[in-house]
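To start, the structure itself, in structure tokens.
Number of protein chains: 2
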Amino acid sequence: MGMSKGMDLKRIGNQTVVFTNPPVILSSYSVVGPKEGEGPLRKTFSKVWQDQLHGEKSWEVAESKMLQESMQGALDQAGIPKEQIDYMLAGDLLNQIISSNFAARQMALPFIGLYGACSTMALSMAVGSMLIDGGFARNVLVGVSSHHDTAERQFRSPTEQGTQRAMSAQWTVTGAGSLILGRSGVGPRITSATLGRVVDYAETDVSNMGSAMAPAVADTILNHLTDLQRQPSDYDLIASGDLGAVGLALAGEVLKKSGTDMGAGFTDCGVMIYDASQDVHAGASGCGCSAVVFAGDIMQRIKAGELKRFLLVGSGALHSSTSALQGESIPSIGHAVVIEA
Amino acid sequence: MGMSKGMDLKRIGNQTVVFTNPPVILSSYSVVGPKEGEGPLRKTFSKVWQDQLHGEKSWEVAESKMLQESMQGALDQAGIPKEQIDYMLAGDLLNQIISSNFAARQMALPFIGLYGACSTMALSMAVGSMLIDGGFARNVLVGVSSHHDTAERQFRSPTEQGTQRAMSAQWTVTGAGSLILGRSGVGPRITSATLGRVVDYAETDVSNMGSAMAPAVADTILNHLTDLQRQPSDYDLIASGDLGAVGLALAGEVLKKSGTDMGAGFTDCGVMIYDASQDVHAGASGCGCSAVVFAGDIMQRIKAGELKRFLLVGSGALHSSTSALQGESIPSIGHAVVIEA
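Note that the protein sequences, when read in sequence, are chains A and L.
Residue numbers are given in numbering that gives the first Met the number 0: position 122 of the first sequence equals residue 121, and the series is strictly consecutive.
Residue numbers are given in numbering that gives the first Met the number 0: position 273 of the second sequence equals residue 272, and the series is strictly consecutive.
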């Protein structure tokens, strides 16, 4: 293993922390919209909404309700009283992360708001694990959400306009995924985390965020593997979330040029959640995408013994509509967490 | 002291954590705009810009540059090479926290993006301290920013419009403050932290955010004092940031009705930074306000021995323009950190 600097430091190499008492994933709950409920992972979600509004007066309120529903589901599944949850960590794509803020009002737990765009699930799992392993919490609730229609009208065009999408564009997932992490109990464990640094290769096309994020994902994977002296084959599966088809191919290429062949065990949550018939072009994106794919499909495969060691690399495009209109490129980031059966 | 649940848990009472090896504030650096540079705290800031653009092409780019300048200042002052900074924690008011994201691109450090509105400085100090005390980092860079003109046009009206402001409104500070926190070294220490829960008393007036936030600040102060079995007089000074004059009076009243008389040692960063001649109405707000007041004036008074134990209670109004236009009230939060000489 790499060098550890300082006596009781839990760091390995430059960017990775290894948990002394790896936090347990005590429960996982996912809620998705109708389109996600028609996709190939339909059977892995805890709940599928029949429409995008779900009886609420706006898509924004619906998104926050979806996040609350996934959080309550994770709480109920874990069977832990709310009084024993010491922190709630959450984030989403909306300006000032309102979906999370209103969910935090409902949960009434000490709240840490995070922003890492589509990487927020991995970020919240990493920070939540540090709070538990560091002795600051018994249990932590983490959850993130995205909603196709709230994201579409905030980041792109009025939804009524029917703007034609580029083939490299990704479809924002309507979904929310939540986990309860605990210091003791039975379940898969989060064993290490590699938080990423911002990487920006000057991509300015907001209809091609996969390309913008690919180098950041590659950077984090390379640092993670170097820090832990591992190879891609040390994982049963590595999934980025969410590069889409364009970004996934590009990340594989960047890694290959850096001397790391990812092999067949490298996929992307944004590629997994829809199938070719669903007309989403390059795949899916949104905080909710990697959250519901992980909370559903991946957790089931870990529990079934199919995946013994899994690497989730959340990927975030950290621009805003304003920065894009001002001609800035898209700063991107990748955050990695290791989950072991 | 209150009960600590679990063997090595660093929690006291319901919401407070007490650090085993309290992180040291190794350096603090503040950069402000011209208006702040003309106020009563002018001599306490590290740097005053002569205008709001500072030669950049937009206020948004200027805000991020201001944050970068404060971060570089804190790094230089601490004299710690960037390779020994394990995480950068930052946040700001702009949509998708772009000021912080672009600063993170410049710093190229593993990055945790936070959103707590004007409470983000206290939040980042609390989380940063947990990462250090938990053994996950040697040193951490924390910093936040706000800019009057970027906030004004994002949250309120086009700045050219000259809209008349309500008397209860607060003026967003143009400023950025950064700290280096370390596990060893000389300086004031962060000894405990109480992260808040969202409190919402149904205030919907975005021109009266002090009133919206006052109950959240009161809630956190009460929980903090109860958890640690302390009284306000156990602190040389307690400063919220930023309630402004309206909110500060209201918080004092709420606390008094709950049986806690705050006495003369309760103030607010948003009251301190401007004087009556500066026409700011109820005072100041913005992530940068409590950051530059703490990094400047408060740090100087701690180092001079005037303040031996100080409580900063960051306050955040967690709405967005969209949630306000949709008729939602303002969910608010208070995060507290204790700094001791």
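For each residue, glycine too, the CB sits at the ideal point set by N, CA and C.
Under the Cβ criterion (8 Å, minimum of three pairs), the region 239-253 of chain L counts as touching the region 302-322 of chain L.
Going by DSSP, E339 of chain A is part of no alpha helix (DSSP H) but of the beta strand (DSSP E) stretching over 331-339.
Within 9 Å of the CB of A107 of chain L, the CB atoms of chain A belong to R196, V197, V198, in sequence order along the chain.
In this structure, L:L88 is the residue among L:L88, L:E68, L:Q105, L:G54 with its C-alpha nearest to the C-alpha of L113 of chain A. Straight-line spacing of the CA atoms in Q163 of chain A and E159 of chain L works out to 34 Å. Rounded to the nearest angstrom, the Cβ distance from L40 of chain L to V292 of chain L is 7 Å, consistent with a contact under 8 Å.
In the DSSP assignment, I111 of chain L is bridged to L:L88.
Residue pairing of F309 of chain A in beta bridges, as defined by DSSP: A:L236, A:I338.
Nearest C-alpha to T19 of chain L among L:L92, L:G115, L:S191, L:L108: L:S191.
Judged by DSSP secondary structure, D267 of chain L falls outside any alpha helix (DSSP H) and instead within the beta strand (DSSP E) spanning 265-267. DSSP, read as helix, strand or coil, puts W48 of chain L in coil. In the DSSP assignment, the residues bridged to V23 of chain A are A:G181, A:R188. I11 of chain A sits in a strand when the DSSP states are folded into three classes. Burial state of G176 of chain L is buried, judged by a 10 Å Cβ sphere holding 16 or more other Cβ atoms. Counting C-beta pairs closer than 8 Å gives fewer than three between the region 75-83 of chain L and the region 270-283 of chain L, which falls short of the contact rule. Of all C-beta pairs linking the region 58-74 of chain A to the region 194-213 of chain A, fewer than three are shorter than 8 Å, placing the two stretches out of contact.
For V245 of chain L, the closest alpha carbon among the candidates L:M212, L:K46, L:H146 is that of L:M212.
I301 of chain A and P21 of chain L have their C-alpha atoms some 38 Å from each other. In this model, D91 of chain L and V172 of chain L are separated by some 12 Å (Cα to Cα). Of all residues in the region 24-38 of chain L, none places a beta-carbon less than 7 Å from a beta-carbon of chain A.
Non-local beta-carbon contacts of E59 of chain A in its own chain, meaning distances under 6 Å to residues more than five positions away in sequence, involve T149 in chain order. Within a 10 Å sphere around the beta-carbon of K256 of chain A sit fewer than 16 other beta-carbons, which makes this residue exposed. For A116 of chain A, the CB contacts under 6 Å within the same chain, skipping 5 residues up- and downstream, are G315, A316, L317 in chain order. A Cβ-Cβ contact shorter than 8 Å links I220 of chain A with A335 of chain A. Apart from sequence neighbours up to five positions away, the residues of its chain that approach A125 of chain A with a beta-carbon distance below 7 Å are A192, L194, H334, V336, ordered along the chain. For S322 of chain A, the nearest beta carbon of chain L is closer than 8 Å to its own beta carbon.
Bounds of the beta strand (DSSP E) holding S144 of chain L are 138-145.
Rounded to the nearest whole angstrom, the CA to CA distance from A168 of chain L to Q325 of chain L is 20 Å. The C-alpha of V185 of chain A lies about 25 Å from the C-alpha of G287 of chain A. Within 10 angstroms of the beta-carbon of P157 of chain A lie fewer than 16 other beta-carbons, which makes it exposed. Three or more Cβ pairs closer than 8 Å define a contact, and the region 259-274 of chain A falls short of that threshold against the region 6-15 of chain A. Interface with chain L (8 Å Cβ-Cβ cutoff): F309 of chain A is excluded.
The beta carbon of I189 of chain L sits no closer than 8 Å to any beta carbon of chain A. Per DSSP, I96 of chain A is not a residue of any alpha helix (DSSP H), being assigned neither H nor E.
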